[in-house]
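Asker: Going by the working numbering, the sequence shown wraps up at 173, each residue one higher than the last. All residues carry an ideal CB built from backbone N, CA and C; glycine is no exception.
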Amino acid sequence: MRRSIRQAMRRKVYSVEVEEVIPTYNPFYYKPLPEEITIRQSEIEGLGVFAVVDIPKDTDLGTTHINVPMYNGLIRTPIGGFLNHEDNANCVLDMIHDWDDCQIYNVVTRRKIKANEELTLDYNV
49 MRRSIRQAMR
59 RKVYSVEVEE
69 VIPTYNPFYY
79 KPLPEEITIR
89 QSEIEGLGVF
99 AVVDIPKDTD
109 LGTTHINVPM
119 YNGLIRTPIG
129 GFLNHEDNAN
139 CVLDMIHDWD
149 DCQIYNVVTR
159 RKIKANEELT
169 LDYNV
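#1: Return the CA-CA distance between R51 and H145, expressed in angstroms with no decimal places.
#2: Rounded to whole angstroms, what is the Cα-Cα separation between H113 and T125?
#3: Apply the 10 Å Cβ neighbour rule to I53 and answer buried if 16 or more other Cβ atoms are within range, or exposed otherwise.
#4: So the beta strand (DSSP E) G121 belongs to, where does it begin and stop?
#5: Select from I123, G96, Q151 and V101 the residue whose C-alpha is nearest the C-alpha of K160.
#6: Would DSSP call G94 helix, strand or coil?
#7: If I measure Cβ to Cβ from R88 and keep anything under 6 Å in the same chain, skipping five residues before and after, which residues do I get?
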């Protein structure tokens, strides 16, 4: 057994170079936060999601929640965890995938969002 460990330790390590690791479009690729937004202290409640730059109307900012009933749970991403409630919200949830046992929701801007403005959802909708 010792001999096989020593032989394994002497093996050369090879690396493979690729031009692109992540495909241009992949609905299952998860990115914690898009470059257009950040999380910081909110005047509404605790922490909130804020625009770093102006964001156009109807911009899909990524996945907020993944509902997986077979695991009795809702997976919440950083975006979904820090979007605060406001009656006149500037974002909405859009169900992008609906399978028998799984739903994926993305957040989409309802209007143009200015830099440093907090992104909000109406929790009652």
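Answerer: Concretely, from the data shown:
#1: Residue confidence is low: R51 scores 49 on pLDDT, short of 50, so the model does not pin down where it sits. Its coordinate-derived value is still stated next. H145 has its alpha-carbon roughly 52 Å from the corresponding atom of R51.
#2: Whole-angstrom Cα-Cα distance: 6 Å.
#3: In this prediction, I53 scores a pLDDT of 49, lower than 50, which makes its location untrustworthy; the coordinate-derived value is nonetheless stated afterwards. Label assigned to I53: exposed.
#4: G121 to R124 is the extent of the beta strand (DSSP E) around G121.
#5: Ranked by how close their Cα comes to the Cα of K160, the residues I123, G96, Q151 and V101 have V101 in first place.
#6: Looking at G94 - three-state DSSP - the assignment turns out to be coil, as it is neither helix nor strand.
#7: Cβ neighbours of R88 within its own chain (closer than 6 Å, five residues either side excluded): F98.
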